[in-house]
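S.K.: Structure below; questions to follow.
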Amino acid sequence: MKSLYIKAMTYSLFLLLFVSCKKDETRIVAGNGTAPVLTSTQTALVLDSASAVKTAVAFNWTTSSFGYSAGLSYALQMDVAGNSFKAPKEVALNTLLTKTFTVAEINSLVNQLKLTPAMAGKVEVRIKASVSDKYTPAYSNVLPITITPYQIIIIYPSLYVPGSYQNWLPDKPTAARISSVPDNGAYEGYVYFPDATTDYKLTSAADWAHVNYGTSAPGTLNQGGGDNLHTEGAGYYLIKADIKVLTYSVTKTVWAIIGDATGASDAAMTYDTAGHVWTVTKALSAGSFKFRANGTDAISYGDKEGVPDPKGSNIIIAAAGTYKITLNLSNPGNYTYSVVKQ
Numbered sequence: 058m059k060s061l062y063i064k065a066m067t068y069s070l071f072l073l074l075f076v077s078c079k080k081d082e083t084r085i086v087a088g089n090g091t092a093p094v095l096t097s098t099q100t101a102l103v104l105d106s107a108s109a110v111k112t113a114v115a116f117n118w119t120t121s122s123f124g125y126s127a128g129l130s131y132a133l134q135m136d137v138a139g140n141s142f143k144a145p146k147e148v149a150l151n152t153l154l155t156k157t158f159t160v161a162e163i164n165s166l167v168n169q170l171k172l173t174p175a176m177a178g179k180v181e182v183r184i185k186a187s188v189s190d191k192y193t194p195a196y197s198n199v200l201p202i203t204i205t206p207y208q209i210i211i212i213y214p215s216l217y218v219p220g221s222y223q224n225w226l227p228d229k230p231t232a233a234r235i236s237s238v239p240d241n242g243a244y245e246g247y248v249y250f251p252d253a254t255t256d257y258k259l260t261s262a263a264d265w266a267h268v269n270y271g272t273s274a275p276g277t278l279n280q281g282g283g284d285n286l287h288t289e290g291a292g293y294y295l296i297k298a299d300i301k302v303l304t305y306s307v308t309k310t311v312w313a314i315i316g317d318a319t320g321a322s323d324a325a326m327t328y329d330t331a332g333h334v335w336t337v338t339k340a341l342s343a344g345s346f347k348f349r350a351n352g353t354d355a356i357s358y359g360d361k362e363g364v365p366d367p368k369g370s371n372i373i374i375a376a377a378g379t380y381k382i383t384l385n386l387s388n389p390g391n392y393t394y395s396v397v398k399q
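Below, the structure is given as structure tokens:
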């Protein structure tokens with residue numbers, strides 16, 4: 058009997074282990090995910106700030122499968138066309154299978170990708186499906202989209218420049234601004250004065266009820282009053298003011314491009330009074346160039362992360378051809394440029 062009992066117990070344990078092993082064998086293990094299929098309602102967008110809250114585009118995609126649904130999530134990725142999604146902007150979407158973007162939202166994304174405002178740029182969009190960091194994500198097809206963004210203007214701490222050129226109205230858009238990007242009391246910006254002589258002052262707000270600055274001597278600001286600041290001659294002026302030490306400077310500028318792409322000589326730009334930009338259309342060699350004022354490097358801009366910067370690198374021209382080049386210095390702290398092959 059004892060022998061039969063031991064045999065029965067041994068058999069039962071063996072059966073239990075066998076069943077347990079069978080359960081382990083049938084446990085679901087995540088595999089490679091099936092790729093979602095991505096579609097969009099638009100493939101070309103021209104964005105306008107006046108329509109910021111309106112719908113711009115909607116993306117839809119099919120479900121992905123990794124063998125089970127637990128932990129499955131999606132993200133939309135967008136990058137500049139040809140960049141192979143090396144540094145995409147990503148929007149987490151959890152388990153959603155659709156995403157609608159307003160004009161403002163899609164414009165914010167492409168501004169982060171450094172697309173040039175008011176110029177058609179090409180981006181690519183895809184969906185990433187994932188279940189865990191342990192498993193390789195599944196990616197959808199890539200959708201190419203052409204988007205013309207608008208510039209997002211950041212209003213930095215500013216001084217206003219009301220004067221005779223705009224009837225002394227600081228509360229009107231015609232009053233130019235100079236700004237302090239680091240907010241350290243030092244302001245600068247570019248102002249076009251169309252008249253042969255111009256009187257103006259600097260105001261700390263878009264009115265006359267706050268701190269105003271005139272001058273009591275050339276290069277010196279007078280807080281609270283003094284004489285008007287004054288320029289002789291129409292032109293495009295760089296104005297700098299430091300309200301901590303009460304100094305200012307005014308420099309007339311005429312812009313050009315220069316570099317080996319221009320033959321190492323200045324190619325003069327023309328100021329467009331309606332568009333508030335400097336432009337030149339010129340045949341360029343493969344090489345590079347920068348922007349500079351008045352034929353010297355004292356006031357000049359290269360490129361830093363897609364925008365004009367005094368310490369930026371020369372702008373690359375990859376292939377010879379005729380290009381239209383535009384420099385926009387009309388929004389202090391928000392300078393832009395574009396290079397378009399004709």
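Counting from 58, one number per residue, gives the positions in the sequence shown under the numbering used here. Beta carbons: idealized from backbone N, C-alpha and C, even for Gly.
Please report the residue range of the beta strand (DSSP E) in which S97 lies.
M.R.: Element bounds for S97: 95-97.
S.K.: Quick one: using the 10 Å Cβ neighbour count with 16 as the cut-off for buried, is G332 buried or exposed?
M.R.: It counts as exposed.
S.K.: Below 7 Å CB to CB, which residues in the same chain sit around N391 once its five sequence neighbours on both sides are set aside?
M.R.: Cβ within range, chain order: Q208, I210, I211.
S.K.: Among residues of its own chain, excluding the 5 on either side of A161, which ones have a beta-carbon nearer than 7 Å to its beta-carbon?
M.R.: Excluding positions up to five away in sequence, the list reads A109, V110.
S.K.: How many angstroms separate the CA atom of V86 from the CA atom of P93?
M.R.: Reliability of the predicted coordinates at V86 is poor, the pLDDT of 45 falling under 50, and the value obtained from them is presented with this limitation in mind. Cα to Cα, the separation comes out at about 20 Å.
S.K.: Taking the alpha-carbon positions, what's the T98 to V114 distance?
M.R.: If you take the alpha carbons of T98 and V114, they lie about 6 Å apart.
S.K.: Which stretch, first to last residue, makes up the alpha helix (DSSP H) that contains I356?
M.R.: From DSSP, I356 is part of no alpha helix (DSSP H); its letter is neither H nor E.
S.K.: What is the rounded straight-line gap between the Cα of T173 and the Cα of K381?
M.R.: Approximately 14 Å, taken between the alpha carbons.
S.K.: Who are the Cβ neighbours of F250 in its own chain at under 7 Å, not counting the five residues just before and after it?
M.R.: Y222, T288, A291, G292, Y294, listed in sequence order.
S.K.: Can you tell me which residues form a DSSP beta bridge with L200?
M.R.: For L200, which the question treats as bridged, DSSP gives the partners V182.
S.K.: Can you grab the Cα-Cα spacing for the pair L133 / L153, in whole Å?
M.R.: Approximately 10 Å, taken between the alpha carbons.
S.K.: Between the Cα of S187 and those of Q399, T91, A377, spot the shortest distance and give me the residue it belongs to.
M.R.: Looking at the Cα atoms, T91 is the closest of the given residues.
S.K.: Below 8 Å on the Cβ atoms is my contact criterion, and I expect L278 with I300 to pass it. Report the Cβ-Cβ distance as a whole number of Å.
M.R.: Right, their Cβ atoms sit about 7 Å apart.
S.K.: With P389 and S236 assumed to form a contact (beta carbons below 8 Å), what rounded beta-carbon distance in angstroms separates them?
M.R.: Yes, P389 and S236 are in contact; Cβ-Cβ is about 4 Å, under 8 Å.
S.K.: Among D190, Y196, P206, which one has its Cα closest to the Cα of K179?
M.R.: If we check each option's Cα against that of K179, P206 comes out closest.
S.K.: Since I believe G344 is in contact with G363 (beta carbons under 8 Å), could you give me their beta-carbon distance rounded to a whole number of angstroms?
M.R.: G363 to G344, Cβ: 19 Å. No contact.
S.K.: With DSSP as the reference, label V311 as helix, strand or coil.
M.R.: Residue state, collapsed to three classes: coil.
S.K.: Applying the criterion that 16 or more other CB atoms from any shown protein chain within 10 Å of the CB defines a buried residue, is S357 buried or exposed?
M.R.: By the neighbour-count rule (16 or more Cβ atoms within 10 Å), S357 is buried.
S.K.: Given P227, which residues of its chain have a CB within under 8 Å of its CB, disregarding the five upstream and five downstream residues?
M.R.: Same-chain partners within the cutoff: Y217, P219, T260, A262, A263, D264, W265.
S.K.: Taking all protein chains shown into account, do 16 or more other C-beta atoms lie within 10 angstroms of the C-beta of N385, making it buried, or fewer, making it exposed?
M.R.: Counting Cβ neighbours within 10 Å, N385 comes out buried, since at least 16 surround it.
S.K.: If you compare alpha carbons, which of V148, A138, I372 is closest to A318?
M.R.: Of the listed residues, the one whose Cα sits closest to A318 is I372.
S.K.: Helix, strand or coil: how does DSSP classify Q169 here?
M.R.: It is helical.
S.K.: Quick one: Cα of S141 to Cα of Y196, how far?
M.R.: Near 13 Å, if we compare the C-alpha coordinates of Y196 and S141.
S.K.: Measure the alpha-carbon distance for L303 versus Q280 and round it to whole angstroms.
M.R.: Cα-Cα distance, rounded: 8 Å.
S.K.: Pick out the complete beta strand (DSSP E) segments inside the segment 321-347, 3 residues or longer, and give them in chain order.
M.R.: Complete beta strand (DSSP E) runs here, min 3: 327-329, 334-341.
S.K.: Sort out for me which residues DSSP pairs A195 with in a bridge.
M.R.: Bridge partners of A195: A186.
S.K.: Express the C-alpha separation of L170 and S400 in angstroms, rounding to a whole number.
M.R.: The structure shown does not extend to residue 400, since the chain spans only 58 to 399, so no value can be given for it.
S.K.: F158 to N168, Cα distance in whole Å?
M.R.: Distance between the alpha carbons of F158 and N168: 14 Å.
S.K.: Indicate whether T100 and I202 have their beta-carbon atoms separated by less than 7 Å.
M.R.: Yes; because the gap between Cβ atoms is below 7 Å, this pair is in contact.
S.K.: Taking 7 Å as the limit between beta carbons, can you name the residues of its chain near G128, skipping five residues before and five after?
M.R.: Correct list, in chain order: V188, S189.
S.K.: Among P239, V334, V182, A377, which has the Cα closest to the Cα of F346?
M.R.: The residue with the shortest Cα to Cα distance from F346 is A377.
S.K.: Which stretch, first to last residue, makes up the beta strand (DSSP E) that contains I209?
M.R.: Element bounds for I209: n/a, residue is neither H nor E.
S.K.: So the beta strand (DSSP E) Q280 belongs to, where does it begin and stop?
M.R.: Segment 277-280, the beta strand (DSSP E) holding Q280.
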